[in-house]
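Student: Chains as they are written, first to last, in full-length UniProt numbering: chain A, 1 to 133; chain B, 1 to 133.
2 protein chains.
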Amino acid sequence: MKWVKNMTHRVRRTMPLLPISIVMQLTELTARQIRYYEEHELISPARSEGNKRMFSLNDVDTLLEIKDFLDQGINIAGIKKIYALRSQPTIEKTAPQTITDAELRRILRDEMLNSKSFDRGGIRQGDLSRFFK
Amino acid sequence: MKWVKNMTHRVRRTMPLLPISIVMQLTELTARQIRYYEEHELISPARSEGNKRMFSLNDVDTLLEIKDFLDQGINIAGIKKIYALRSQPTIEKTAPQTITDAELRRILRDEMLNSKSFDRGGIRQGDLSRFFK
DNA sequence: TTTTTTATGTTAGAAAACCTAACATTCGTT
DNA sequence: AACGAATGTTAGGTTTTCTAACATAAAAAA
């Protein structure tokens, strides 16, 4: 059943399983960086009863993507807006967005013009496909 | 490429990612039980630098299977032998095994005759398929 | 150029999670 | 009754993670 399959997939990718130490290894980010990105609401890891962060595979994917964006010279504000746009572009007719598409384009262009090193390798999509299906 | 696919699969299932607290939730076993099974070499979780146990998805699968075997009245010695047989049955012509198949059958029969409650539900294979692909 | 801001490093102190080892308990088996 | 297997419980110690604060380098703004 297709639904079950997708459901299973979603569950296993969103289940908070990993402690920060493992996420550090998987992403090669420092704890400081990971916490900083959370502080800026780019990720929202679950918490254990004792308040320890527990990360899902989706969180790890997002972190790898964030790392890639940062490497490309995009700053956190930019990444934040990209995610904001991603989360609700399905219906055009929805309430007027806080940021227009034009504004996004401007932001991205500005980032591009201001960034120093800008010759990336291939289109390295940040994800966990090296480790997980 | 088939090889890559299998390789990826193996890596993601054997990578030590999970702390014992998560494994407890996933398996509904106590820390004491998990450590006891390790003591009897039914599992061999990796260790962090600071000596904390880190479990793979395979470990979790095995634990669920152990739980199932125990529920069926098979004791740890029996489970151990089952695993020992599993690990080298590919070639018939190999060096004479420590335990013969006949011996295994006897063991299993004994377990069966001695166990009290012996009406299981369906063939509940212990694995993580509810959570992971 | 000077000043701010961003992203990250570092440190300290506290709390949570985990470890090993020992002893206790339950319940079949002998 | 005595024993052994599986698990519970507790104690003391170590590791991991947390928050909060201050430090710093590089980029952006003024």
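C-beta atoms are modelled at their ideal positions from N, C-alpha and C, and glycine is treated no differently. Owing to the predicted nature of the structure, the values given are computational and were not obtained by experimental measurement.
Give a yes or no on whether 9 Å exceeds the smallest Cβ distance from Leu18 (chain B) to chain A.
Tutor: So yes, Leu18 (chain B) belongs to the interface.
Student: What separation, rounded to the nearest whole angstrom, lies between the Cα atoms of Leu29 (chain A) and Gly78 (chain B)?
Tutor: Approximately 44 Å, taken between the alpha carbons.
Student: Could you give the distance in angstroms between the alpha-carbon of Ile74 (chain B) and the alpha-carbon of Asp71 (chain A)?
Tutor: Spanning the two alpha carbons is a distance of roughly 55 Å.
Student: Considering Cα atoms alone, identify which of A:Leu17, A:Leu85, A:Arg12 and A:Lys81 is closest to Met47 (chain A).
Tutor: For the sequence presented, residue 47 (chain A) should be read as Arg rather than Met. Considering only alpha carbons, the answer is A:Leu17.
Student: According to DSSP, Met54 (chain A) sits in a beta bridge with which residue or residues?
Tutor: The partner list for Met54 (chain A) (beta bridge, DSSP) reads A:Ala46.
Student: Using a Cβ-Cβ cutoff of less than 6 Å, which residues in the same chain neighbour Asp59 (chain B) once the five nearest sequence positions on both sides are dropped?
Tutor: Same-chain partners within the cutoff: Ile43 and Pro45.
Student: Note down the Cα distance separating Ala31 (chain A) from Met15 (chain A), rounded to an integer number of angstroms.
Tutor: Cα-Cα distance, rounded: 20 Å.
Student: State buried or exposed for Met54 (chain A), treating a residue as buried only when at least 16 other CB atoms are found within 10 Å of its CB.
Tutor: Classification for Met54 (chain A): buried.
Student: When we look at the beta-carbon of Arg10 (chain B) and count the other beta-carbons within 10 Å, is it buried (16 or more) or exposed?
Tutor: So Arg10 (chain B) counts as exposed.
Student: Could you tell me which chain B residues have their CB closer than 8 Å to the CB of Ser48 (chain A), listed as they occur along the chain?
Tutor: Neighbours of Ser48 (chain A) on chain B, chain order: Ser21.
Student: Tell me, to the nearest whole angstrom, how far the beta carbon of Thr27 (chain A) is from that of Lys67 (chain A); I am working on the premise that it is less than 8 Å.
Tutor: Contact flag correct, Cβ pair sits at about 6 Å.
Student: Compare the Cα-Cα distances from Glu39 (chain B) to each of B:Ala84, B:Thr90, B:Lys80 and B:Gln25 and report the closest residue.
Tutor: Comparing Cα-Cα distances from Glu39 (chain B) to each of B:Ala84, B:Thr90, B:Lys80 and B:Gln25, the minimum goes to B:Lys80.
Student: For Glu65 (chain A), which option in A:Ile34, A:Thr90 and A:Glu49 has the closest C-alpha, if you only look at C-alpha atoms?
Tutor: When only C-alpha atoms are compared, the closest one is A:Ile34.
Student: Do Leu57 (chain B) and Tyr37 (chain B) have their C-beta atoms closer together than 9 Å?
Tutor: No, the Cβ-Cβ distance between Leu57 (chain B) and Tyr37 (chain B) is not below 9 Å.
Student: Under 9 Å between C-beta atoms, does Met54 (chain A) make it to chain B?
Tutor: Output row for Met54 (chain A): interface = yes.
Student: Label Arg12 (chain B) either buried or exposed according to how many other C-beta atoms from any shown protein chain fall within 10 Å of its C-beta, with 16 as the threshold for buried.
Tutor: Counting Cβ neighbours within 10 Å, Arg12 (chain B) comes out buried, since at least 16 surround it.
Student: Pick out whichever of A:Phe69, A:Ser21, A:Gly50 and A:Glu41 has its Cα sitting closest to the Cα of Ile49 (chain B).
Tutor: Residue identity differs from the one stated: residue 49 (chain B) is Glu in this sequence, not Ile. Ranking A:Phe69, A:Ser21, A:Gly50 and A:Glu41 by Cα distance to Glu49 (chain B) puts A:Ser21 first.
Student: With DSSP run on the structure shown, which of helix, strand or coil describes Asp101 (chain A)?
Tutor: Reliability of the predicted coordinates at Asp101 (chain A) is poor, the pLDDT of 48 falling under 50, and no value is obtained from them.
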